[in-house]
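Using numbering that gives the first Met the number 0, read the sequence shown as starting at 0 and increasing by one per residue.
Glycine included, every Cβ here is placed at the ideal spot set by N, Cα and C.
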Amino acid sequence: MLSAWPSVVNQNTLGANKASQNQAHGLVWPSEAVMSDTANQATESAPEKRPLRVLVVEDSEFDARMLVGLLKAGGFEPEFRRVETAPQMSAALDSVDWEIILADYNLPEFSAPKALELLQETKLDIPFIIVSGGIGEDTAVAAMKAGAHDYLMKGNLARLVPAVERELRDAEVRASRREAVKELRESELRHRSLIENASDIIAVLDFKGIIQFVSPTCERVLGKNERELLDTNWFSLADEPDRERLKGEFRQALGQ
């Protein structure tokens with residue numbers, strides 16, 4: 000029989016007593032708040048995986064998934080499609096903007112050289128990496144000369160992720176360069192249009208005042224075409240009373 004009613008135990012007091020006992024034994028338990036904070040920090044510090052669109056030219060589903068698994072382990076979140084014939088690859092290239100192509104060298108109905116040739120016909124700039132079970136050095140060199148960006152052995156794929164990262168960076172540089180060239184050409188066309196349609200004469204002179212370029216308006220205003228005026232002293236075209244004044248203004252503009 001119970002000789003007394005059990006006393007009401009305060010949960011906070013119980014927790015405090017347990018903490019005191021643990022401290023007495025040299026043990027310190029982290030609080031729930033600290034544990035929650037640590038979990039949040041671990042979640043926040045985990046690197047975010049980079050999405051990657053991968054076209055795999057491979058007849059083995061197992062090998063394709065092995066490559067994708069290595070990319071996942073290396074910090075990527077691959078979206079991939081496996082193809083093993085030329086028609087399948089053509090359809091894939093038409094439907095998705097792939098960022099990288101991984102191709103086995105020998106397939107029953109296809110090959111890496113044919114896949115590379117098909118890619119080059121599309122004019123798409125997609126890094127093309129050959130991943131094969133083993134081919135001779137001469138064959139690998141020939142593939143690189145034909146335009147493949149790298150060659151990896153299936154038995155040693157430690158270079159897969161670094162190679163993909165490198166080729167993605169290089170492709171980004173090439174894309175930026177193409178965009179810069181495109182913008183420069185468009186700018187040149189706009190300026191050319193402005194110059195050709197200007198009502199005033201526009202001329203480019205060297206530091207001596209010799210004409211390097213003159214707009215088509217010169218023929219209407221001066222009666223001389225661009226070819227006749229090239230390498231001519233600009234000031235010789237001015238009336239003599241204005242010549243020295245124009246030379247002085249020109250020197251002043253040059254800071255002389």
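What three-state label does DSSP hand Asp238 in the structure shown? coil
Taking only runs of the beta strand (DSSP E) that begin and end inside the segment 159-231, which ones reach a length of at least 3 residues, in chain order? 202-204, 210-213
Cut-off 7 Å between Cβ atoms - residues of its own chain near Leu117, not counting five sequence neighbours on either side: Ala85, Met88, Ser89
Roughly how far, in whole angstroms, is the beta-carbon of Arg49 from the beta-carbon of Gly74, given that I think they are within contact range, below 8 Å? 6 Å
Rounded C-alpha distance that separates Ala145 from Ser186: 34 Å
Three-state secondary structure assigned by DSSP to Asp149: strand
So, is Leu229 buried or exposed, given that buried needs 16 or more other C-beta atoms within 10 angstroms? exposed
Is there contact between the segment 125-140 and the segment 95-108, where contact requires at least three CB pairs shorter than 8 Å? yes
Leaving aside the five residues before and after Arg64 along the sequence, list all residues of the same chain whose C-beta is less than 8 Å from its C-beta, in chain order. none
List the residues that DSSP assigns as beta-bridge partners of Phe258. Residue 258 is absent from the model: the chain starts at 0 and stops at 255.
Do Ile209 and Asn232 come within 7 Å of each other at the CB atom, strictly closer than that value? yes
Return the first residue and the last residue of the alpha helix (DSSP H) that Leu66 is part of. 60-72
Compare the C-alpha of His148 against each of Ile100, Val180, Ser198, Leu188 and name the closest. Ile100
Backbone secondary structure at Phe75 - three-state DSSP: strand
How about Glu83 and Phe61: do their beta carbons lie closer than 7 Å? no
Cβ pair count under 8 Å reaching 3, the segment 215-224 against the segment 182-202: yes
Check Leu92 in the structure and name its three-state DSSP category. helix
Suppose the cutoff is 8 Å on Cβ atoms and the five residues either side in sequence are ignored; what does the same chain contact list for Glu98 look like? Leu51, Arg52, Val53, Ile125, Pro126, Leu167, Ala170
Report all residues from its chain with a CB closer than 7 Å to the CB of Leu115; omit the five preceding and five following residues, and keep chain order. Phe127, Ala145, Gly146, Ala147
Can you tell me which of Ser175, Phe212, Asp238 puts its alpha carbon nearest to the alpha carbon of Arg226? Phe212
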